[in-house]
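The next block holds one structure in the form of structure tokens; read it before the comments.
Protein chains: 2
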Amino acid sequence: MPQTVSAHMMLTLDGFGTGLNQTRENPFGTINPRDLARWMFEDGANNADEVKAVTDYGAFIMGRNMFAAPGETVWEESWRGWWDENPPYHAPVFVLTHHAHDPIEMEGGTTFHFVTEGEAVALERARAAAGDRNVSIAGGVTTLRNYLNLGLVDTLHLKFVPLIAQDGERLWDGLNAKLETTGARHSRFATHVDYRMVK
Amino acid sequence: MPQTVSAHMMLTLDGFGTGLNQTRENPFGTINPRDLARWMFEDGANNADEVKAVTDYGAFIMGRNMFAAPGETVWEESWRGWWDENPPYHAPVFVLTHHAHDPIEMEGGTTFHFVTEGEAVALERARAAAGDRNVSIAGGVTTLRNYLNLGLVDTLHLKFVPLIAQDGERLWDGLNAKLETTGARHSRFATHVDYRMVK
Numbered sequence: 577m578p579q580t581v582s583a584h585m586m587l588t589l590d591g592f593g594t595g596l597n598q599t600r601e602n603p604f605g606t607i608n609p610r611d612l613a614r615w616m617f618e619d620g621a622n623n624a625d626e627v628k629a630v631t632d633y634g635a636f637i638m639g640r641n642m643f644a645a646p647g648e649t650v651w652e653e654s655w656r657g658w659w660d661e662n663p664p665y666h667a668p669v670f671v672l673t674h675h676a677h678d679p680i681e682m683e684g685g686t687t688f689h690f691v692t693e694g695e696a697v698a699l700e701r702a703r704a705a706a707g708d709r710n711v712s713i714a715g716g717v718t719t720l721r722n723y724l725n726l727g728l729v730d731t732l733h734l735k736f737v738p739l740i741a742q743d744g745e746r747l748w749d750g751l752n753a754k755l756e757t758t759g760a761r762h763s764r765f766a767t768h769v770d771y772r773m774v775k
Numbered sequence: 577m578p579q580t581v582s583a584h585m586m587l588t589l590d591g592f593g594t595g596l597n598q599t600r601e602n603p604f605g606t607i608n609p610r611d612l613a614r615w616m617f618e619d620g621a622n623n624a625d626e627v628k629a630v631t632d633y634g635a636f637i638m639g640r641n642m643f644a645a646p647g648e649t650v651w652e653e654s655w656r657g658w659w660d661e662n663p664p665y666h667a668p669v670f671v672l673t674h675h676a677h678d679p680i681e682m683e684g685g686t687t688f689h690f691v692t693e694g695e696a697v698a699l700e701r702a703r704a705a706a707g708d709r710n711v712s713i714a715g716g717v718t719t720l721r722n723y724l725n726l727g728l729v730d731t732l733h734l735k736f737v738p739l740i741a742q743d744g745e746r747l748w749d750g751l752n753a754k755l756e757t758t759g760a761r762h763s764r765f766a767t768h769v770d771y772r773m774v775k
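Listed in order, the protein sequences are those of chains A and B. Sequential numbering from 577 applies to the first sequence in our numbering. Sequential numbering from 577 applies to the second sequence in our numbering.
The following block contains the structure:
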């Protein structure tokens, strides 16, 4: 089986993955991440397969704003990501950035690598690092939309959460992609829909 | 069982029920209605329950633009709706309008009644006409949003079609409602998601 490139994202019903006014205190801005991720935090035991599907990859790619607070243009050397010392990735994570940075090795197998050469190079490096496992585009919204518009994603897995945000970063705005729905499941706090990207 | 008020609507992934530039030739504007309703037209036999759920009501309510071409402010007396002489409702349909009109009786049990006194009165009349059956808000987007914002809808049933419209009438814009997801199913051309409106 060749490697696949997948992406998982939690969205409000109106398509927002992040609210307005992201800060270090509120990484999702006006959206409360606990509301968005309630299906994972409060119903994870009943969603074990869905949770596993989000994290079981050989390498991840994320945008710079998913790693550090948005708007901060230089690296603060003490910053080691939003997570604790043992992030949930347990694999190499390639962070797209305009500012070079040495790799940061965390506990549990996660190492953050910083890529300044753009989306295609980050994917190439992630593919190489993943070995015979698959690659996940971890987010955020802009990074995912860029990869979808570049035609580099095979499957998309959206978790629609019954919230309405009204503003923020909307996945659909400027998205130019053709999708085919392949499955849908409802769990307590989210509707999980799978898409195949038509190339 | 007391009557319930339900609403069914087909939406693009980005939340549009109607595209831009609605005309008499293109009632859904830039969205091709056959793309939006493909689950019903091309896969209806496999979706018999979903199709039945959309049409099996004792009375319907719709906005004026769902009955006639948008922008036309006076009634053209020969206009008898977008459908043929035997519309798919087979029950009284209450059309919200600012311009009074005599009822129009069609074949198969459908009669269009025109209500100039607003949403609450239309619902009152629909409830009375429905007898022991339920009432459906048939659309379009603005009418449904108004009823949701008024807290007059019990259950909402959305059919998400894997299309991206980018512009038109979006259900979420200006919607102020709390939803709880109660079910989700995937059929060939749509994802069917059921919501209970939290009051």
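Glycine included, each C-beta is placed from N, C-alpha and C at the ideal position.
Alpha-carbon spacing of residue i relative to residue j, whole angstroms
| i | j | result |
| --- | --- | --- |
| A:Asp730 | B:Ile713 | 38 angstroms |
| B:Ala629 | B:His768 | 11 angstroms |
| A:Gln579 | B:Glu626 | 37 angstroms |
| B:Met642 | B:Gly605 | 12 angstroms |
| B:Asp743 | A:Asp590 | 13 angstroms |
| A:Leu612 | A:Arg721 | 19 angstroms |
| B:Val717 | B:Asn622 | 26 angstroms |
| B:Gly759 | B:His584 | 14 angstroms |
| B:Phe688 | B:Arg764 | 33 angstroms |
| A:Glu745 | A:Leu596 | 7 angstroms |
| A:Arg640 | A:Ile740 | 26 angstroms |
| A:Ala644 | A:Glu601 | 11 angstroms |
| B:Glu652 | A:Ser582 | 53 angstroms |
| B:Val711 | A:Gly647 | 50 angstroms |
| B:Gly715 | B:Gly593 | 9 angstroms |
| B:Thr631 | B:Val737 | 19 angstroms |
| A:Gly620 | A:Arg614 | 9 angstroms |
| B:Gly727 | A:Ala696 | 48 angstroms |
| B:Pro603 | B:Ala702 | 25 angstroms |
| B:Ile607 | B:Gln598 | 9 angstroms |
| A:Glu661 | B:Trp748 | 39 angstroms |
| B:His675 | B:Thr649 | 8 angstroms |
| A:Thr757 | A:Thr588 | 18 angstroms |
Coarse secondary structure for residue i, derived from DSSP in three states
| i | result |
| --- | --- |
| B:Glu652 | coil |
| B:Asp770 | strand |
| A:Lys735 | strand |
| B:Met682 | coil |
| A:Phe636 | strand |
| A:Ala698 | helix |
| A:Ala624 | helix |
| A:Ala583 | strand |
| A:Pro609 | helix |
| B:Thr599 | coil |
| B:Asn662 | coil |
| A:Phe604 | coil |
| B:Ala645 | coil |
| A:Ala676 | coil |
Neighbourhood of residue i by C-beta distance below 6 angstroms, restricted to the same chain and skipping five residues each side
| i | result |
| --- | --- |
| B:Ala624 | none |
| B:Lys531 | Because chain B in this structure spans residues 577 to 775, residue 531 of chain B falls outside the shown range and cannot be described. |
| B:Tyr665 | Phe636, Thr686 |
| B:Ala698 | Ile637, Phe670, Leu672, Val691 |
| B:His719 | According to the sequence displayed, residue 719 of chain B carries Thr and not His. Hits under 6 angstroms: Gly639. |
| B:His677 | Trp651, Phe690 |
| B:Trp655 | Ala644 |
| B:Trp659 | none |
| B:Ala705 | Ala635, Pro668 |
Opposing strand residues paired with residue i [DSSP bridges]
| i | result |
| --- | --- |
| B:Phe690 | B:Val671 |
| A:Gly591 | DSSP lists no partner for A:Gly591. |
Own chain partners of residue i with C-beta closer than 7 angstroms, once the 5 adjacent residues on each side are dropped
| i | result |
| --- | --- |
| B:Arg761 | His768 |
| B:Ala667 | Tyr633, Gly634, Ala635, Phe636, Gly685, Thr686 |
| B:Ala753 | Leu724, Asn725, Met773 |
| A:Gly750 | Arg721 |
| A:Glu700 | none |
Close-in-space but distant-in-sequence residues of the same chain around residue i (CB under 8 angstroms, 5 per side omitted)
| i | result |
| --- | --- |
| A:Arg610 | Phe617 |
| A:Leu755 | Leu732, Tyr771, Arg772, Met773, Val774 |
| A:Asp708 | Gln579, Gly634 |
| B:Gly657 | Phe643, Ala644, Pro663, Ile680, Met682, Phe688 |
| A:Gly694 | Leu672 |
Quiz prompt | Those runs of the beta strand (DSSP E) which lie wholly inside the stretch 700 to 769 of chain A and span at least 3 residues | solution = 711 to 715, 731 to 737, 754 to 763
Practice problem: Determine which residues of the stretch 756 to 775 of chain B have a Cβ less than 7 angstroms from any Cβ of chain D, and write them out in chain order. | Solution: Among the chains of the structure shown, chain D does not appear; the protein chains present are A and B.
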